[in-house]
Amino acid sequence: MLQIINLTKTFGSLKAIDNLNLDIPEGEIFGFLGPNGAGKTTTIKIMCGLLKPTEGKVLIDGYDIQKEPEKAKQIIGLIPDHPFIYPKLTGREFLRFIGSLYRIPLKEQEEKIPELFNMFELNQWSDDLIESYSHGMQQKLVMSGVLLHNPKVIFLDEPMVGLDPKSARLVKEIFFNLSKRGVTIFMSTHTLEIAEKMCHRIGIIQTGKVIALGSKETLQENISPDKNLEDIFLELTGGTEYAELLKYL
Amino acid sequence: MRDVILLIKIKLKMLLNGIRFASGGKWIKVTILSLIGASFTWGLYVLFYRILVYLKGVPLLGPFLIVRLISMIFLVFFVMLVFSNIITAFSTIYFSSDLNLLLLTPLSFRSVFIFKFFETMFYSNWMVLFFLLPVLAAYANINSALFTFYLWIFVALFPYFVICTSIGILLSVVLMRLFPSKKTRDIFLVLGIVLGASTYLLVRFLQPEKLVNPDVMMGVMQYLVTVKTPMTKFAPSFWITQSIVSMVKYNLGRSFFYLGILSVSAFLISLVTVLIAQKIYYTGWAGAQEGGKKKKPKVYNSKHRIKESRFPFRFSGPMRALLAKDIKTFFRETSQWSQLLLLGTLIIVYLYNIYKLPLPYFYLKSIISFLNIGVAGFVLASVALRFVFPAVSLEKDNFWIIRASPISVKKFLWEKFWISLIPLLLLAGCLIVFSNILLEVDRFFMILSCATVAILTVGLTALGTGMGAIFPRFNVENIAQIESSMGGMFYMVFSLFYVAVILVLEALPVRMYFFYKLSGKAFFNIKILVILGLIFLVVNVAVVFIPMVLGIRKIKNLEI
Chain A
86 MLQIINLTKT FGSLKAIDNL NLDIPEGEIF GFLGPNGAGK TTTIKIMCGL
136 LKPTEGKVLI DGYDIQKEPE KAKQIIGLIP DHPFIYPKLT GREFLRFIGS
186 LYRIPLKEQE EKIPELFNMF ELNQWSDDLI ESYSHGMQQK LVMSGVLLHN
236 PKVIFLDEPM VGLDPKSARL VKEIFFNLSK RGVTIFMSTH TLEIAEKMCH
286 RIGIIQTGKV IALGSKETLQ ENISPDKNLE DIFLELTGGT EYAELLKYL
Chain B
2 MRDVILLIKI KLKMLLNGIR FASGGKWIKV TILSLIGASF TWGLYVLFYR
52 ILVYLKGVPL LGPFLIVRLI SMIFLVFFVM LVFSNIITAF STIYFSSDLN
102 LLLLTPLSFR SVFIFKFFET MFYSNWMVLF FLLPVLAAYA NINSALFTFY
152 LWIFVALFPY FVICTSIGIL LSVVLMRLFP SKKTRDIFLV LGIVLGASTY
202 LLVRFLQPEK LVNPDVMMGV MQYLVTVKTP MTKFAPSFWI TQSIVSMVKY
252 NLGRSFFYLG ILSVSAFLIS LVTVLIAQKI YYTGWAGAQE GGKKKKPKVY
302 NSKHRIKESR FPFRFSGPMR ALLAKDIKTF FRETSQWSQL LLLGTLIIVY
352 LYNIYKLPLP YFYLKSIISF LNIGVAGFVL ASVALRFVFP AVSLEKDNFW
402 IIRASPISVK KFLWEKFWIS LIPLLLLAGC LIVFSNILLE VDRFFMILSC
452 ATVAILTVGL TALGTGMGAI FPRFNVENIA QIESSMGGMF YMVFSLFYVA
502 VILVLEALPV RMYFFYKLSG KAFFNIKILV ILGLIFLVVN VAVVFIPMVL
552 GIRKIKNLEI
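Residue numbers (the numbering used here), protein chains in the order written: chain A, 86 to 334; chain B, 2 to 561.
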């Protein structure tokens, strides 16, 4: 469903992504982990067509995001970590806007929008301007926008930031169910516990290169069988060296 | 006070860093703006010098009239500055983005408030200072003032500005305590625009050009002499006038006396402002951060759906969604729609100027009618700079939604073109049709000018939309930064050049027509007309399509 082939991205002399290759099948929840500045958001932005790759390509259900952007974008949904959305529209107007951009029939919009508001408990604020929404509410509205057009692939960049525990649980359930229905989910996160519980496979990226790839069990087998994902992550990305320093604090 | 100095130092550091890390483009922009500013200041100096020389020559009344004029300038600025300080204070003291950080630190509210006081004072008064300096320099020059007088200007202006800022801030603090909402700021923003537009209309309708006539001028002077304004003695404008006028005459005692009154008043009112703010500022600020009251969920009725599905016009779903979104956001953003008030004023003054033009001869009327096309083009270019050029940039941080959606960049940019073209065509139609009626032009000229202005509108809209996409500025806080950007300047240069080219291309055929009208003989050279027509076509096609194609290409390659 999602193929990343020889993807490289440079910003001046900095190589943000270095010959990345991934193949993610339909219905998989893929966790993309890495320290700050490793290239996670850059990869997601390239996959969504917000950045151009320096080399390589991204295929979404066979469509090259650079060569056939409209067809590829019709089947993807992006939930960024900082969801900037038009502050002078109401929540309902925003969803109508998204629905029309993705050519969802008006009747279908009329049916789905109230359902989404109900599901995310945004009913009370649906006709208020978005500028009065909290970060979590805006995040839920963007998720509603993505779910409205039934994408085949969803990109999540730190999806749980700003969500209360109840909403976070709901979001997890939603993505589990979507994955069961064949939707591919590509998730970048720093919350290793979420990655551990939700993802079928995990990729760890550092300085633009994938340094580990596989299911949680595979990673444990290959790296250290008695360690959890957090320990493996820190071992691979060099986080353990801080332990000595922390003793002095 | 140590904290306030620290905050001011940081602000200065930011300013210096802005200069240190400025790009080449920014230096060019600053140089161009400085040159324009310097020319304006020089022009103002020359104008006031002439006025003052003229007034000084009036027997007996001359010096008196000069003092009255300076006093009036200070009075008018006093009112304007108080209002401008109220509006600026809303932004700096209540809605500035750095407040969340500053009020999180252990700094006292008083320190933050005093720092914001100086910030407001700087933003509100610097432009007035640039206006007052050439005026007072002209006054100093006609009186052959000593060098110390120029220093005195700064010494006297400081407490004058402190008083204006204190009153403005005090009013805004009280208003925000009573009505802690963003709406209060919006209401004052609109009131400010209405005040500015009304003053502009009033000045225009007073027909200042009549002052050129010596008989009328004498009448005005007599009026100024007879008008009694006893209240003025208690206004800061009177004190500063007296202090400056006395200094030019080297009457030190009187000058220091009024400076003393001014300074003591400034100290007292700023002290009162700080003391009151200490009590009520936090409550007002905290209230302003809160959203509106939560309402009951609305029932979404079918009428709304029908209205939306038909509106606007018969565009495709995504195109219609973009149009509806742009229209809604425009009319919900006070800083956007309120500009329409200024636009209305501009049209009224434009038509009034044409109405008042003395055009006794056919020849003169013909030339003015032809040049009117150019003036209308210039007005449209300026309006497009304000409303069309920023269209892409105004997507701001929300642009990721468009880029991640399946709508093509081409459709997105053409939507921006159409949504700008329709209102701009209406404006162009109003300007040219009504001005032509006032100029009593014939049918041929009415058709020619209407067609030309319609074509110019299409060209200017495409130029504005395309260049706005070529030079996008997504990370700006206000629209003025988009207009005054490098791209904005390029747009203005190109658009004025385009209007000039169109006028030049039409000049010869129009000349042929006027000769025909005057002599009754046909002077039409078909060969030249065809060549000019072809060039006209090529220029317009190029102006419409080249910026749009380049704009589409730029957005396609834009990395966000």
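Yeah, the Cβ is synthetic: ideal placement off N, Cα and C, and Gly gets one too.
Scan the region 121 to 139 of chain A for residues whose Cβ lies nearer than 7 Å to a Cβ of chain B and list them as they occur along the chain.
133, 134, 135, 136, 137
Inset, instruction - Go to residue 101/A, then tell me how far its beta strand (DSSP E) extends in each direction, as first and last residue. - result: Along the first sequence, read from residue 1 onward, the residue named residue 101/A stands at position 16. Run containing residue 101/A: 99 to 109, per the beta strand (DSSP E) assignment.
- Message: Considering only the alpha carbon of each residue, which of 236/B, 273/B, 289/B lies closest to residue 184/B?
- Response: What you label residue 184/B is simply residue 183 of the second sequence in a count that begins at 1. Of the listed residues, the one whose Cα sits closest to residue 184/B is 289/B.
Report task. For residue 500/B, collect the residues of the same chain with a Cβ closer than 7 Å to its Cβ; drop the 5 residues on either side in sequence, then sort them by chain order. Result -> Along the second sequence, read from residue 1 onward, the residue named residue 500/B stands at position 499. Scanning its chain for C-beta atoms nearer than 7 Å, with the 5 sequence neighbours on each side dropped, one finds around residue 500/B the residues 375, 378, 379, 382, 457, in chain order.
For this session: Note down the Cα distance separating residue 297/B from residue 13/B, rounded to an integer number of angstroms.
Result: Position 296 of the second sequence, counted from the first residue, corresponds to residue 297/B. Position 12 of the second sequence, counted from the first residue, corresponds to residue 13/B. Here the model assigns residue 297/B a pLDDT of 48, short of 50, so the residue's position is not dependable and the matter cannot be decided.
* For residue 170/A, the three-state DSSP class (helix, strand or coil) -> Position 85 of the first sequence, counted from the start, is the residue given in the question as residue 170/A. Correct three-state label for residue 170/A: coil.
- Query: Any beta-carbon of chain B closer than 8 Å to the one on residue 188/A?
  - Reply: Looking up residue 188/A in the first sequence gives position 103. Taking a beta-carbon distance threshold of 8 Å, residue 188/A counts as an interface residue toward chain B.
**OP:** Below 8 Å CB to CB, which residues in the same chain sit around residue 82/B once its five sequence neighbours on both sides are set aside?
**Re:** In the second sequence, residue 82/B corresponds to position 81, counting from 1. Closer than 8 Å at the Cβ level, and outside the excluded window around residue 82/B, lie 125, 126, 129, 162, 165, 166, 169.
| query | beta strand (DSSP E) containing residue 271/A: first to last residue? | reply | The residue you call residue 271/A lines up with position 186 of the first sequence. Note, residue 271/A: beta strand (DSSP E), 269 to 273.
Between which two residues does the alpha helix (DSSP H) harbouring residue 526/B extend? Start at 1 with the first residue of the second sequence, and residue 526/B comes out as number 525. Residue 526/B -> no alpha helix (DSSP H), and no H or E assigned at all.
Using a Cβ-Cβ distance under 8 Å, would residue 402/B count as near chain A? What you label residue 402/B is simply residue 401 of the second sequence in a count that begins at 1. By this cut-off, residue 402/B is an interface position.
Neighbour list for residue 406/B in chain A, Cβ cutoff strictly below 8 Å: The count along the second sequence starts at 1 and reaches residue 406/B at position 405. Under a criterion of Cβ atoms nearer than 8 Å, the residues of chain A adjacent to residue 406/B are, in order, 158, 183, 186, 187.
Hey, does residue 200/A have any beta-carbon neighbour from chain B nearer than 8 Å?
Counting from one through the first sequence, the residue named residue 200/A turns up at place 115. Proximity of residue 200/A to chain B, defined by a Cβ-Cβ separation below 8 Å, is not satisfied.
- Item | Pairwise C-alpha distance: residue 349/B and residue 357/B | Counting from one through the second sequence, the residue named residue 357/B turns up at place 356. Counting from one through the second sequence, the residue named residue 349/B turns up at place 348. Cα to Cα, residue 357/B sits roughly 12 Å from residue 349/B.
> What does residue 318/B touch in chain A if you count any residue whose Cβ is under 7 Å from its own?
Replying inline: Indexing the second sequence from 1 puts residue 318/B at position 317. 185, 188, listed in chain order.
*asked:* DSSP three-state label for residue 402/B, please.
replied: The residue labelled residue 402/B in the question sits at position 401 within the second sequence. DSSP places residue 402/B in helix when its eight states are reduced to three.
Suppose contacts are defined by Cβ-Cβ distances below 8 Å. Is residue 368/B in contact with residue 245/B by that definition? Sequence index remark: in the second sequence, residue 368/B carries index 367 (1-based). Sequence index remark: in the second sequence, residue 245/B carries index 244 (1-based). No, these two residues do not count as a Cβ contact at 8 Å.
Q) According to the Cβ coordinates, are residue 233/A and residue 201/A closer than 8 Å? A) For the purposes of this step, residue 233/A is identified with residue 148 of the first sequence, where counting begins at 1. For the purposes of this step, residue 201/A is identified with residue 116 of the first sequence, where counting begins at 1. Contact flag set, yes.
Q.
Run through chain B and tell me which residues come within less than 8 Å of residue 148/A, C-beta to C-beta.
A. As a working mapping, residue 148/A is identified with position 63 in the first sequence. Here the premise fails: no neighbours, minimum Cβ distance about 11 Å.
| query | residue 160/A and residue 94/A look like a contact to me (Cβ under 8 Å); what is the Cβ gap, rounded to whole Å? | reply | Taking the first sequence and counting its residues from 1, one reaches residue 160/A at position 75. Taking the first sequence and counting its residues from 1, one reaches residue 94/A at position 9. Between residue 94/A and residue 160/A the Cβ distance is about 23 Å, and since that is not below 8 Å, they are no contact.
Quick one: is residue 244/A near chain B, going by C-beta distance under 8 Å? Reading the first sequence from its first residue, position 159 is the one you call residue 244/A. No, residue 244/A does not count as interfacial toward chain B.
Using a C-beta to C-beta distance shorter than 9 Å, which residues of chain D count as neighbours of residue 169/A? This model lacks chain D altogether; the protein chains it does include are A and B.
| said: Strictly below 9 Å CB to CB, what residues from chain A border residue 558/B? | reply: As a working note, residue 558/B is residue 557 in the second sequence. Ordered by position in chain A, the residues that pass the 9 Å Cβ test against residue 558/B are 137.
(request) Under 8 Å between beta-carbons, which chain B residues line up against residue 155/A? List them in chain order, please. (result) Here the question's residue 155/A lines up with position 70 in the first sequence. Within chain B, the residues near residue 155/A are 407, 408, 409.
Short check: CB of residue 314/A to CB of residue 277/A, under 8 Å?
In the first sequence, residue 314/A corresponds to position 229, counting from 1. In the first sequence, residue 277/A corresponds to position 192, counting from 1. It is a contact, given that the beta carbons lie within the stated cut-off.
Flag residue 561/B as yes if its beta-carbon sits less than 8 Å from any beta-carbon of chain A, otherwise no. For this step, residue 561/B is matched to residue 560 along the second sequence. It does; some Cβ of chain A falls within 8 Å.
Per DSSP, the bridge partner or partners of residue 143/A
Here residue 143/A corresponds to residue number 58 of the first sequence, with the count starting at 1. The partner list for residue 143/A (beta bridge, DSSP) reads 89/A.
Find the nearest neighbour of residue 386/B within the set 470/B, 140/B, 514/B, judged by alpha-carbon distance. Here residue 386/B refers to the residue found at position 385 when the second sequence is read from its first residue. The shortest C-alpha separation from residue 386/B is found at 470/B.
What number of angstroms, rounded off, separates the C-alpha of residue 319/A from the C-alpha of residue 150/A?
Against the first sequence, residue 319/A aligns to sequence position 234. Against the first sequence, residue 150/A aligns to sequence position 65. If you take the alpha carbons of residue 319/A and residue 150/A, they lie about 33 Å apart.
How would you list, in chain order, the residues of chain B whose beta-carbon sits under 7 Å from the beta-carbon of residue 250/A? On the first sequence, position 165 is the one that residue 250/A refers to. Near residue 250/A there are no residues of chain B at all, since even the closest Cβ is about 22 Å away, more than 7 Å.
- Message: Can you find the residues in the same chain that come closer than 8 Å, C-beta to C-beta, to residue 463/B, ignoring five residues on each side of it along the sequence?
- Response: Residue mapping note: residue 463/B aligns to position 462 of the second sequence, counting from 1. Correct list, in chain order: 418, 544, 545, 546, 548, 549.
Does residue 325/B come out as helix, strand or coil in the three-state DSSP assignment? Against the second sequence, residue 325/B aligns to sequence position 324. In the structure shown, residue 325/B adopts helical secondary structure according to DSSP, grouped into three states.
Among 117/B, 65/B, 502/B, which residue has its Cα nearest to the Cα of residue 98/B?
Sequence index remark: in the second sequence, residue 98/B carries index 97 (1-based). Looking at the Cα atoms, 117/B is the closest of the given residues.
Query raised in the report: Shortest alpha-carbon distance to residue 475/B belongs to which of 395/B, 452/B, 234/B, 137/B?
Result: Locating residue 475/B in the second sequence gives position 474, counting from the first residue. The shortest CA-to-CA distance from residue 475/B to any of 395/B, 452/B, 234/B, 137/B is the one to 395/B.
*asked:* Below 9 Å on C-beta distance, what does residue 330/B contact in chain A?
replied: If you number the second sequence from 1, residue 330/B lands on position 329. Result: 171, 172, 173, 174.
For residue 249/A, count the other beta carbons within 10 Å of its own beta carbon; 16 or more makes it buried, fewer makes it exposed. Which is it? Position 164 of the first sequence holds residue 249/A. Exposed is the call here.
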